[in-house]
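For reference, the structure discussed in these notes is given below.
There are 2 protein chains.
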Amino acid sequence: MYSIVTDTVADAMPGRANGLQDVNIHLPYSLSDLLGLLGAAPHVDSASNGFPLAMRQLRTDAALFHEGEMVECIYFVYSGSLKRVRTAEDGYEQVLGFAGRGDLLGYDGVCMGRHPSSAVALEDARLLAVQTQDLRSLMGSFPAFGPLLQKASSLELQRQGESLGLMAAVSAEVRLARFVLQMSERMQAMGQSARRFHLRMCRRDIASYLGVAHETVSRSFTMLADWGCLQVDNREVEILDAALLQQIASNTRGLLDMALDRARASAVERPQGRVSDSRPARRPRTAGREQIWRAAASLGSVS
Amino acid sequence: MYSIVTDTVADAMPGRANGLQDVNIHLPYSLSDLLGLLGAAPHVDSASNGFPLAMRQLRTDAALFHEGEMVECIYFVYSGSLKRVRTAEDGYEQVLGFAGRGDLLGYDGVCMGRHPSSAVALEDARLLAVQTQDLRSLMGSFPAFGPLLQKASSLELQRQGESLGLMAAVSAEVRLARFVLQMSERMQAMGQSARRFHLRMCRRDIASYLGVAHETVSRSFTMLADWGCLQVDNREVEILDAALLQQIASNTRGLLDMALDRARASAVERPQGRVSDSRPARRPRTAGREQIWRAAASLGSVS
DNA sequence: CGAGCAATTGACCATAGTCAAGACTAGTGG
DNA sequence: CCACTAGTCTTGACTATGGTCAATTGCTCG
Numbered sequence: 001m002y003s004i005v006t007d008t009v010a011d012a013m014p015g016r017a018n019g020l021q022d023v024n025i026h027l028p029y030s031l032s033d034l035l036g037l038l039g040a041a042p043h044v045d046s047a048s049n050g051f052p053l054a055m056r057q058l059r060t061d062a063a064l065f066h067e068g069e070m071v072e073c074i075y076f077v078y079s080g081s082l083k084r085v086r087t088a089e090d091g092y093e094q095v096l097g098f099a100g101r102g103d104l105l106g107y108d109g110v111c112m113g114r115h116p117s118s119a120v121a122l123e124d125a126r127l128l129a130v131q132t133q134d135l136r137s138l139m140g141s142f143p144a145f146g147p148l149l150q151k152a153s154s155l156e157l158q159r160q161g162e163s164l165g166l167m168a169a170v171s172a173e174v175r176l177a178r179f180v181l182q183m184s185e186r187m188q189a190m191g192q193s194a195r196r197f198h199l200r201m202c203r204r205d206i207a208s209y210l211g212v213a214h215e216t217v218s219r220s221f222t223m224l225a226d227w228g229c230l231q232v233d234n235r236e237v238e239i240l241d242a243a244l245l246q247q248i249a250s251n252t253r254g255l256l257d258m259a260l261d262r263a264r265a266s267a268v269e270r271p272q273g274r275v276s277d278s279r280p281a282r283r284p285r286t287a288g289r290e291q292i293w294r295a296a297a298s299l300g301s302v303s
Numbered sequence: 001m002y003s004i005v006t007d008t009v010a011d012a013m014p015g016r017a018n019g020l021q022d023v024n025i026h027l028p029y030s031l032s033d034l035l036g037l038l039g040a041a042p043h044v045d046s047a048s049n050g051f052p053l054a055m056r057q058l059r060t061d062a063a064l065f066h067e068g069e070m071v072e073c074i075y076f077v078y079s080g081s082l083k084r085v086r087t088a089e090d091g092y093e094q095v096l097g098f099a100g101r102g103d104l105l106g107y108d109g110v111c112m113g114r115h116p117s118s119a120v121a122l123e124d125a126r127l128l129a130v131q132t133q134d135l136r137s138l139m140g141s142f143p144a145f146g147p148l149l150q151k152a153s154s155l156e157l158q159r160q161g162e163s164l165g166l167m168a169a170v171s172a173e174v175r176l177a178r179f180v181l182q183m184s185e186r187m188q189a190m191g192q193s194a195r196r197f198h199l200r201m202c203r204r205d206i207a208s209y210l211g212v213a214h215e216t217v218s219r220s221f222t223m224l225a226d227w228g229c230l231q232v233d234n235r236e237v238e239i240l241d242a243a244l245l246q247q248i249a250s251n252t253r254g255l256l257d258m259a260l261d262r263a264r265a266s267a268v269e270r271p272q273g274r275v276s277d278s279r280p281a282r283r284p285r286t287a288g289r290e291q292i293w294r295a296a297a298s299l300g301s302v303s
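Here it is, written out as structure tokens:
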């Protein structure tokens with residue numbers, strides 16, 4: 001599985017990653033920090049300084065909570081990133097999504113009182129914890145909190161919908177293209193570069209998230225790279241041709257239709273193409289992808 | 001695709017049953033009806049009688065709201081059922097989920113102020129509408145409302161997660177088995193029979209929801225029927241062997257492991273077992289569906 | 001009754017899952 | 001410091017699964 005980094009005491013069990021430091025650590029954080037994190041104006045609910053919140057710290061591969069546990073808190077990512085996973089009865093680990101700064105975790109368990117999925121840190125992370133039992137009084141005492149929580153949960157719901165949209169695509173390359181664009185948007189939303197970023201999750205996690213085999217993720221990455229959309233070095237991704245990537249991502253069914261349309265359209269315009277990296281022509285093995293090659297070539301993305 | 005049915009202006013299409021009646025119709029409904037629908041005790045917030053709510057009526061195939069529209073209300077299904085759909089840029093219609101009585105719709109648009117997906121009635125339906133601008137004051141004035149809304153939105157989020165779990169399965173039969181079980185649970189939750197029910201959506205919708213071709217849904221239904229799990233007559237479904245169905249549904253990867261495990265297990269309790277006889281030292285590379293047949297046979301599900 | 005859509009089934013073959021092997025990296029302990 | 005393990009990542013080969021096209025049947029509703 002994943003390389004286990006025990007964060008504190010040597011626990012003899014290698015399978016379990018959670019040491020003592022994953023328990024709550026109370027630091028001088030308060031509700032006002034949360035309101036700020038969620039984008040509230042600086043001084044709304046100034047009394048919110050007086051409501052202390054726990055800041056939870058996690059090391060890589062440590063679980064924030066496990067599937068099936070009672071829900072005591074909902075969490076907001078303060079730094080770092082996590083994945084949400086559900087383990088099927090047969091032991092298969094399905095990745096439901098990834099969370100970064102500002103994202104809400106654990107809310108899906110509120111209705112049943114139990115977490116339907118686990119959350120695991122992809123890197124060292126810190127999270128603000130709000131006890132569910134406090135939710136009611138918080139909404140009463142701090143008028144800004146209710147709408148912000150609503151907004152956050154609504155955003156989660158929207159994100160999940162988009163995740164479903166990823167899986168709708170039939171072809172693996174399209175799924176991956178959509179995934180890359182999704183990550184790119186998120187990075188931008190967090191103030192980072194949308195063009196070049198570092199993936200925090202391994203191929204297996206991406207594969208599970210996209211519903212394909214991890215070998216297929218590898219292959220699809222090289223495909224996208226060959227077409228001149230991306231440059232990939234392990235987890236480092238650079239988007240070279242966002243337009244082409246978008247085009248690929250926008251085709252749910254196959255690659256064929258797009259390639260034809262695109263090739264036809266671009267046969268008219270045809271600007272001078274910039275050269276990314278001229279690689280020896282690889283023989284495309286299938287009819288469908290042959291089209292993409294032509295499309296890409298006619299776009300000037302590949303010389 | 002689906003015939004687009006505008007629910008406002010009289011469209012000249014004679015074949016379609018949707019006319020003016022899909023616009024808002026204010027009937028004597030109030031917040032107390034909503035609280036009741038969501039499972040609150042009968043007399044909490046008795047003043048809620050005084051807060052009127054719009055009841056929206058939809059005919060089959062009419063849209064509750066369209067993707068991209070401004071969010072004015074969130075809705076709670078009072079009767080009937082709907083599907084949530086997202087139309088990709090290439091025109092492909094992706095079904096995100098289905099909603100029945102008590103389910104919340106439109107909440108995912110609250111964060112951005114625009115609906116990220118459409119909602120379309122699968123049959124004549126009625127919905128209670130709550131204007132988003134009222135949410136804040138409602139939560140202030142009616143203490144029971146906030147938690148109920150929270151619970152409803154949390155449930156939606158959980159459901160979405162389960163939907164993602166459907167797509168995780170590689171084999172089409174497994175996806176369909178999970179879908180059927182999901183529907184069964186929902187029917188039961190709504191007080192109907194979990195064993196025998198009527199699907200409100202067509203094969204295409206199921207297919208889109210599961211991320212497979214609609215022909216594959218047909219084939220998978222006949223497969224499950226052949227294995228003795230189900231009886232299917234068009235949209236009428238009867239579960240014959242829930243245990244086997246569960247078994248099939250619980251295998252994310254292939255059908256292989258399950259069939260073997262199951263055959264082995266039942267070989268113990270069933271001394272006649274000739275099933276797990278001389279298994280070749282190495283598992284046959286892809287045993288395929290033959291295994292299921294044997295497993296089913298050894299279970300006595302198929303004569 | 002006919003038009004149109006839903007559902008099923010068959011044939012074909014491209015895509016992607018599976019197994020296998022090798023390259024590379026990071027963490028561990030001698 | 002260097003193996004040594006254990007993980008990730010990539011690539012190749014093979015083939016089952018499922019997407020696509022096509023034809024048929026059945027259902028519903030004018």
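Chains D and V are the protein sequences, given in the same order.
Numbering-wise (full-length UniProt numbering), the first sequence opens with residue 1 and increments by one.
Numbering-wise (full-length UniProt numbering), the second sequence opens with residue 1 and increments by one.
For each residue, glycine too, the CB sits at the ideal point set by N, CA and C.
Self-check item: Selection from D:R86, D:A213, D:Y75, D:I239 that minimises the alpha carbon distance to S171 (chain D)
Solution: S171 (chain D) has its Cα closest to that of D:A213, out of D:R86, D:A213, D:Y75, D:I239.
Quiz item: Between the region 173-181 of chain V and the region 224-234 of chain V, do three or more beta carbon pairs fall short of 8 Å?
Solution: Touching, yes.
Exercise. Using the Cα positions of M187 (chain V) and G80 (chain V), report the straight-line distance between them to the nearest angstrom.
Key: Those two C-alpha atoms are separated by around 12 Å.
Quiz item: For chain D, is any of its Cβ atoms less than 7 Å away from the one on R86 (chain V)?
Solution: With respect to chain D, the C-beta atom of R86 (chain V) has a partner C-beta closer than 7 Å.
Quiz item: From the beta carbon of G161 (chain D), is the nearest beta carbon of chain V less than 7 Å away?
Solution: G161 (chain D) counts as touching chain V.
Quiz item: Among all the DSSP beta bridges, which residues are the ones paired with G97 (chain V)?
Solution: Paired residues: V:R84.
Practice problem: Would you kindly check if the distance between the Cβ of L164 (chain V) and the Cβ of L96 (chain D) is under 7 Å? | Solution: Note that the C-beta distance between L96 (chain D) and L164 (chain V) is below 7 Å.
Practice problem: Could you tell me which uninterrupted alpha helix (DSSP H) segments, each at least 4 residues in length, are contained entirely in the region 164-194 of chain D, listed from first to last along the chain? | Solution: Entirely contained in the region 164-194 of chain D, the alpha helix (DSSP H) runs reaching 4 residues are, in chain order, 172-189.
Quiz item: Any idea which residues DSSP pairs R232 (chain D) with across the strands?
Solution: According to the sequence shown, residue 232 (chain D) is Val rather than Arg. Per DSSP, D:V237.
Quiz item: Where L176 (chain V) and F76 (chain V) are concerned, what is the direct C-alpha to C-alpha distance, given to the nearest angstrom?
Solution: Computed Cα separation, rounded: 27 Å.
Quiz item: Name the chain D residues that come within less than 7 Å of E89 (chain V), Cβ to Cβ?
Solution: Those within 7 Å of E89 (chain V) in chain D are S250.
Quiz item: So with Cβ pairs under 7 Å, would you call D134 (chain D) a contact of chain V?
Solution: No - not a single Cβ of chain V is within 7 Å of the one on D134 (chain D).
Quiz item: Is it right to say D45 (chain D) is buried, meaning 16 or more other beta carbons lie within 10 angstroms of its own, or is it exposed?
Solution: Per the 10 Å Cβ criterion, buried.
Quiz item: Name the residues in the region 162-173 of chain V whose C-beta lies less than 7 Å from a C-beta of chain D; which are they?
Solution: Answer in chain order: S163, L164, G165, M167, A168.
Exercise. Find the nearest neighbour of R253 (chain V) within the set D:G39, D:E89, D:A194, judged by alpha-carbon distance.
Key: Measuring from the Cα of R253 (chain V), the nearest candidate turns out to be D:E89.
Quiz prompt | Whole-angstrom distance between Q133 (chain D) and A12 (chain V), CA atom to CA atom | solution = The predicted position of A12 (chain V) is uncertain, since its pLDDT is 32 and thus under 50; a value taken from the coordinates is nonetheless stated next. Straight across, the Cα-Cα distance linking A12 (chain V) with Q133 (chain D) is about 55 Å.
Self-check item: Rounded C-alpha distance that separates E69 (chain V) from G113 (chain V)
Solution: Taking the straight line from one Cα to the other gives about 9 Å.
Self-check item: Three-state class that DSSP yields for P147 (chain D) in the structure shown
Solution: Correct three-state label for P147 (chain D): helix.
Quiz item: At a CB-CB cut-off below 8 Å, which residues of chain D make contact with M139 (chain V)?
Solution: Under the 8 Å cutoff, chain D gives M139, G146.
Self-check item: Selection of the region 178-203 of chain D by Cβ proximity to chain V, strictly under 9 Å
Solution: Residues passing the 9 Å Cβ filter: none.
Quiz item: Between the region 200-210 of chain V and the region 130-150 of chain D, are three or more C-beta pairs nearer than 8 Å?
Solution: Segment contact: the region 200-210 of chain V against the region 130-150 of chain D, fewer than three CB-CB distances shorter than 8 Å; contact not assigned.
Quiz item: Ordered along the chain, which non-local residues of its own chain (more than five positions away) have a Cβ less than 6 Å from that of A99 (chain V)?
Solution: V77, L82, L105, listed in sequence order.
Practice problem: Measure from the C-beta of Y92 (chain D) to each C-beta in chain V and report whether the shortest distance is under 7 Å. | Solution: Chain V, which has a Cβ nearer than 7 Å to the Cβ of Y92 (chain D), makes this yes.
Quiz item: So which of D:L224, D:G36, D:S218, D:A242 has the shortest CA-CA distance to N234 (chain D)?
Solution: The alpha carbon of N234 (chain D) has as its nearest neighbour, out of D:L224, D:G36, D:S218, D:A242, the alpha carbon of D:S218.
Quiz item: For R114 (chain D), which residues does DSSP report across the bridge?
Solution: Beta-bridge pairing links R114 (chain D) to D:M70.
Quiz prompt | C-beta neighbour in chain D for Q247 (chain V), strict 7 Å | solution = Taking Cβ atoms only, chain D never reaches closer than 7 Å to Q247 (chain V), which makes this a no.
Quiz item: Under 7 Å between the Cβ atoms of D108 (chain D) and P116 (chain D)?
Solution: By the CB criterion at 7 Å, D108 (chain D) and P116 (chain D) fall inside the cutoff.
Practice problem: Can you tell me which of the three DSSP states M55 (chain D) falls into? | Solution: Of the three classes helix, strand and coil, the one that applies to M55 (chain D) here is strand, per DSSP.
Exercise. Anything in chain V within Cβ reach of V217 (chain D), meaning under 9 Å, just list it in chain order.
Key: In chain order: nothing, as chain V lies at least about 15 Å away.
Quiz item: Taking Cβ positions only, does Q131 (chain V) come closer than 7 Å to chain D?
Solution: Chain D, which has no Cβ nearer than 7 Å to the Cβ of Q131 (chain V), makes this no.
Self-check item: CA nearest to the CA of R59 (chain V), picked from V:A40, V:A125, V:R101, V:A47
Solution: Closest in alpha carbon position to R59 (chain V), among V:A40, V:A125, V:R101, V:A47, is V:A125.
Practice problem: Identify the contact partners of D108 (chain V) in chain D, using a Cβ-Cβ distance below 7 Å as the criterion. | Solution: Proximity of chain D to D108 (chain V) at the Cβ level (cut-off 7 Å) is accounted for by S154, L157, Q158, G161, in chain order.
Quiz item: Under 7 Å between C-beta atoms, does S117 (chain D) make it to chain V?
Solution: Closer than 7 Å to some Cβ of chain V, the Cβ of S117 (chain D) qualifies, so yes.
Quiz item: Expressed to the nearest angstrom, what Euclidean distance is found between the alpha-carbon atoms of N49 (chain D) and F142 (chain D)?
Solution: Rounded to whole angstroms, N49 (chain D) to F142 (chain D) spans 11 Å at the Cα level.
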